[in-house]
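A.B. asks: One structure, pasted below without further comment.
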Amino acid sequence: MEKKKGRVISSVGGLYTVRVTEDGAVTEYACQARGIFRHSNIKIVVGDIATLDFSEGDPVIEAIEERRNSLIRPALANLDVVFVTMASRSPAPMLDMTDKMTAILEHNDIEPVIVVGKCELNDAEADRIAEIYKKVGYTTFKISSVTGEGIDAVKEYIDTELEGKIAAFAGASGVGKSTLLNSLFPSLELGTGGVSRKTERGRHTTRAVTLYPIGKDAYLADTPGFSMLDFDRFDFFSLDDLPLAFREINERIGQCKYTKCTHRKEEGCAIVDAVKGGEIPKSRHESYVMLYDVLKNKHKWDK
Ligand SMILES: Nc1nc2c(ncn2[C@@H]2O[C@H](COP(=O)(O)OP(=O)(O)OP(=O)(O)O)[C@@H](O)[C@H]2O)c(=O)[nH]1
Ligand SMILES: [Mg+2]
Ligand SMILES: [Zn+2]
2 MEKKKGRVIS
12 SVGGLYTVRV
22 TEDGAVTEYA
32 CQARGIFRHS
42 NIKIVVGDIA
52 TLDFSEGDPV
62 IEAIEERRNS
72 LIRPALANLD
82 VVFVTMASRS
92 PAPMLDMTDK
102 MTAILEHNDI
112 EPVIVVGKCE
122 LNDAEADRIA
132 EIYKKVGYTT
142 FKISSVTGEG
152 IDAVKEYIDT
162 ELEGKIAAFA
172 GASGVGKSTL
182 LNSLFPSLEL
192 GTGGVSRKTE
202 RGRHTTRAVT
212 LYPIGKDAYL
222 ADTPGFSMLD
232 FDRFDFFSLD
242 DLPLAFREIN
252 ERIGQCKYTK
262 CTHRKEEGCA
272 IVDAVKGGEI
282 PKSRHESYVM
292 LYDVLKNKHK
302 WDK
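Taking the numbering used here as reference, the numbering of the sequence shown is continuous, increasing by one, and the terminal residue is 304.
In structure tokens form, the structure reads like this:
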């Protein structure tokens, strides 16, 4: 009974593409999953390592390996890096959404990398945002797929840091994720769309999560952009985990006057002091407080 192991690189309506490497040769199999997956709450997602069974002729997925991590939106497993992408304008940047995303990534042990795109549309705003995330300590790129600014720097990061890793581009619809991927890897020829002039929102051009092999055993995923609606539906974690998911707060825990400090507005709070002193960006703290309130109310309802 022949079995093979491979990486799930796409998933569309119950049909999966699994990429298998054997003795240096690569084969992509289109296959379905065994019935047990339809009756269990384990959903196979892109990034999973799947075992294929060929005993009935056509390959079927019979098992998936335990995941290192998984995200619900975008639905991806075993990620190492996520490029959190936004635009300097059109659509307008939403830092609260970015900070929620970085917190979720930190919580899942995934490295956030910040991309501020369409910088030629509002260079001052792009600089302002890039400074915020550099201050936090994140690798940050300011790019434009129109002028080409910053594209080489992203390419160099991918070439030097992503060997053997899985990375994904995530961000609101219309920020230019697929366009950037095309600039980096022209052979991908990904579909790109416009931005509604009236609402300044993207048109949800990318519909499915797909992993693209980029050599050196590395993969890059294009993902469908979020809309404002999706923002509320993220799976989230507990209130206690929140300070740990903000790097600049995490590294100051223990420096506050009160051990039960919630780092919102308490007297003697090292985080509030750092915001006042300009060492922590104000917008990051505002996002923290917003998420704190969301989680606090959520847990009230849970009880
Ligand atoms: N001015 C400007 N426009 C850009 C840039 N990059 C992309 N665009 C345009 O922005 C629009 C949306 O780009 P996409 O690459 O489809 O955006 P996306 O993030 O993949 O969007 P979804 O697939 O809907 O999530 C297209 O009209 C692109 O031509 C840029 O650097 N500058
Ligand atoms: Mg796209
Ligand atoms: Zn504090």
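Think of the CB as a built atom: it goes at the ideal place given N, C-alpha and C, for glycine as much as any other residue.
Model, not experiment: these values are computed from the prediction.
#1: When the distance is taken between beta carbons, is Y17 closer than 8 Å to I45?
#2: To the nearest angstrom, how far is it from the Cα of K5 to the Cα of G58?
#3: Cβ of E249 within 8 Å of Cβ of R285?
#4: So, for A78: in the same chain, excluding its five sequence neighbours on each side, which residues have a beta-carbon less than 6 Å away from its beta-carbon?
#5: Considering only heavy atoms of ligand 3 and the C-beta of each residue, which residues fall inside 6 Å, strictly closer?
#6: Quick check on the DSSP output: the beta strand (DSSP E) that includes R8 runs from which residue to which?
#7: Could you check what DSSP says for K143 in three-state terms: helix, strand or coil?
#8: Taking the CB atoms as reference points, tell me whether P92 and R202 lie closer together than 8 Å.
#9: Would you say the beta carbon of P94 is closer than 7 Å to some non-hydrogen atom of ligand 4?
#10: CB M87 to CB V117, shorter than 8 Å?
#11: Which of the three DSSP states, helix, strand or coil, is assigned to P214?
#12: Kindly indicate which residue of R74, A127, L122 and E112 has the alpha-carbon position closest to the one of L96.
#13: Reducing DSSP to helix, strand and coil, say where K304 ends up.
#14: Would you grab the beta carbon distance between P75 and A169 for me? Rounded to a whole angstrom, and I think it's under 8 Å.
#15: Relative to the C-alpha of R129, which residue among P94, D153, P113 and K156 is closest?
#16: V276 lies in the alpha helix (DSSP H); which residues open and close that run?
#17: Does the stretch 110 to 124 come close enough to the stretch 206 to 226 that 3 or more CB-CB pairs lie under 8 Å?
#18: Indicate the three-state DSSP secondary structure (helix, strand or coil) for C32 in the structure shown.
#19: Under 8 Å, with one C-beta from each stretch per pair, do the stretch 169 to 179 and the stretch 220 to 227 reach the 3-pair mark?
C.D. replies: So, from the listed chains and residues:
#1: yes
#2: 13 Å
#3: yes
#4: V46, G48, D49, R68 and S71
#5: C257, C262, H264, E267, C270, A271 and I272
#6: K4 to V13
#7: strand
#8: yes
#9: Summarising the ligand content, the structure contains ligand 1, ligand 2 and ligand 3 and does not contain ligand 4.
#10: yes
#11: strand
#12: A127
#13: Low local confidence applies: a pLDDT of 49 at K304 is under 50, so the model's placement there is unreliable, with the coordinate-based value given in what follows. If DSSP states are grouped into helix, strand and coil, K304 belongs with coil.
#14: 6 Å
#15: P94
#16: A271 to K277
#17: no
#18: strand
#19: yes
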